[in-house]
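Here's the structure, in structure tokens; my notes come after.
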Amino acid sequence: MAVVVLLAGPGQGARAVAPAAPTTPRSFAGRAFDTCDAPSLAVMRAWRASPYGAVGVYFGGRGRGCRAQPQLTPGWVASVHALGWRLLPLFVGSQAPCVLAEAKRKYAIGRTPWTQGTSEAGEAVRAARALGIDAASPLYLDMEAYRSDDADCAATTLRFVRAWNREVRRLGYLPGFYSSADTGVRHMERERRAGTADLPAVMWFARWRGLPSLDVEAALAATAWQPHARIHQYAGNVSESYGGRRLRIDRSAVDAPVARIRP
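Structure (structure tokens):
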């Protein structure tokens, strides 16, 4: 019998979240893009002519920039997957207390980072399941650039991230981590070298140098998050058009797990 725990998200009552049945992650190697709002199905059909095979979708979290997401429904997820797209689910939850972006400071991690990380992990899994994103899928925690050399802030952020990762794993999903190479990613690499437990399973590092380089990154040891557990976001805020449909996107190179979608 599955063990059921009660989790309470910010402003929510407790909800039961049971661990999912274990299964195998599914990987993708190729190019991906992400954009703030999930594009319409018409755009996604047109963009099958693009060099991209995967798309990042901002599926939840209180720090998400585009919160309405009118296109992002279970039907959209199933239809886009049927078109051949692979999905990279991004969760923008609470942010480091020393986050650099002023707009994200109102989402700072509070005084109980472990409890908050656990709660938001449950929120992420509920949101993923509601969209038809199945067990063994990666859920990428988006932690925007922060002052990782601030010891108190780094400790708070690490407790939140570790708690989020532990609970996501317990619930049958794979915890990924997105951040800037020189801040959050460097911080996670420092902890990996120190032997810290409950670190992300997949690393999505942002370094906008214009060209993809999955295997060579100054912030990461050559063997860290290898094999098949890296994504490099190598360009951002660029415009591209395919099939007469223009989007402003960030570009990534991927060799990592992607979402499993329920049939």
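The sequence shown begins at 1 in full-length UniProt numbering and counts up one residue at a time. Beta carbons: idealized from backbone N, C-alpha and C, even for Gly.
Would W208 pass as a contact of Y234 if the rule is Cβ separation under 8 Å?
Counting from one through the sequence shown, the residue named residue 208 turns up at place 208. Counting from one through the sequence shown, the residue named residue 234 turns up at place 234. The answer is yes: Cβ separation under 8 Å.
M203: first and last residue of the uninterrupted beta strand (DSSP E) it sits in:
What you label residue 203 is simply residue 203 of the sequence shown in a count that begins at 1. First-last of the beta strand (DSSP E) with M203: 202-206.
Please return the same chain residues whose Cβ sits closer than 7 Å to the Cβ of M44, not counting the five positions on each side in sequence.
Mapped onto the sequence shown, residue 44 falls at position 44. If we look at M44 and ignore the five residues flanking it on each side, its Cβ neighbours are V80, L83, W85.
To the nearest angstrom, report how far apart T183 and S40 are at their CA atoms.
Numbered from 1 along the sequence shown, position 183 holds the residue referred to as residue 183. Numbered from 1 along the sequence shown, position 40 holds the residue referred to as residue 40. When rounded, the distance between both Cα atoms is 33 Å.
So, helix, strand or coil for E102, using DSSP?
Along the sequence shown, read from residue 1 onward, the residue named residue 102 stands at position 102. Residue state, collapsed to three classes: helix.
Within the region 150-186, ranges of the beta strand (DSSP E) (whole runs, at least 3 residues):
174-180
Tell me where the beta strand (DSSP E) around H232 begins and ends.
By one-based count along the sequence shown, residue 232 stands at place 232. Segment 230-242, the beta strand (DSSP E) holding H232.
Alpha carbon to alpha carbon, what distance is there between A32 and G236?
Taking the first residue of the sequence shown as 1, we reach residue 236 at position 236. Taking the first residue of the sequence shown as 1, we reach residue 32 at position 32. So the alpha carbons of these two residues sit roughly 12 Å apart.
So V254 is in the beta strand (DSSP E); what residue range does that whole segment cover?
Here residue 254 is taken as the residue at index 254 of the sequence shown, counted from 1. Counting along the chain, the beta strand (DSSP E) containing V254 begins and ends at 245-258.
Cutoff 7 Å; reference S180; Cβ partners in own chain excluding five residues on either side:
For the purposes of this step, residue 180 is taken as the residue at position 180 of the sequence shown. Excluding sequence neighbours, S180 sits near A145, A206.
Three-state class that DSSP yields for R62 in the structure shown:
Taking the first residue of the sequence shown as 1, we reach residue 62 at position 62. Reduced to three states, the DSSP call for R62 is coil.
At 4 residues or longer, what runs of the alpha helix (DSSP H) sit wholly inside the region 27-51?
41-46
Report buried or exposed for L220, applying the criterion of at least 16 other Cβ atoms within 10 angstroms of its Cβ.
Counting from 1 along the sequence shown, the entry for residue 220 is found at position 220. Its Cβ being crowded by 16 or more others within 10 Å, L220 is buried.
Over what stretch of residues does the alpha helix (DSSP H) that includes P74 continue unbroken?
Residue 74 sits at position 74 when you count from the first residue of the sequence shown. Note, P74: alpha helix (DSSP H), 74-82.
On the premise that W76 lies in contact with A38, defined as a C-beta separation below 8 Å, what is that separation, rounded to the nearest angstrom?
Here residue 38 corresponds to residue number 38 of the sequence shown, with the count starting at 1. Here residue 76 corresponds to residue number 76 of the sequence shown, with the count starting at 1. That pair is a contact at about 7 Å.
Indicate the three-state DSSP secondary structure (helix, strand or coil) for V57 in the structure shown.
Locating residue 57 in the sequence shown gives position 57, counting from the first residue. DSSP places V57 in strand when its eight states are reduced to three.
Rounded to whole angstroms, what's the CA-CA distance from P138 to Q226? Just pull it up for me.
As a first step, residue 138 is located in the sequence shown; it is residue number 138 there, counting from the start. As a first step, residue 226 is located in the sequence shown; it is residue number 226 there, counting from the start. Distance between the alpha carbons of P138 and Q226: 15 Å.
Could you check the C-alpha separation between residue 264 and P74 for me, to the nearest Å?
Residue 264 is absent from the model: the chain starts at 1 and stops at 263.
Counting beta carbon pairs with one atom in the region 84-100 and one in the region 52-65, are three or more of them shorter than 8 Å?
yes
Secondary structure at Q116, three-state DSSP: helix, strand or coil?
Within the sequence shown, residue 116 is the residue found at index 116, counting from 1. Three-state result, Q116: helix.
Considering just the uninterrupted stretch of the beta strand (DSSP E) at P138, what are its terminal residues?
In the sequence shown, counting from the first residue as 1, residue 138 sits at position 138. Counting along the chain, the beta strand (DSSP E) containing P138 begins and ends at 138-142.
Drop a sphere of 10 angstroms on the beta-carbon of S241, count the other beta-carbons inside from all chains shown, and report buried for 16 or more, exposed for fewer.
Residue numbering aside, residue 241 sits at position 241 when the sequence shown is read from its first letter. Under this definition S241 is an exposed residue.
I need the straight-line Cα distance from G195 to M188, nearest angstrom please.
To locate residue 195, count along the sequence shown from 1; it is residue 195. To locate residue 188, count along the sequence shown from 1; it is residue 188. Near 11 Å, if we compare the C-alpha coordinates of M188 and G195.
Cα separation between R251 and Q116?
In the sequence shown, the residue the question calls residue 251 occupies position 251. In the sequence shown, the residue the question calls residue 116 occupies position 116. R251 and Q116: Cα-Cα distance of roughly 31 Å.
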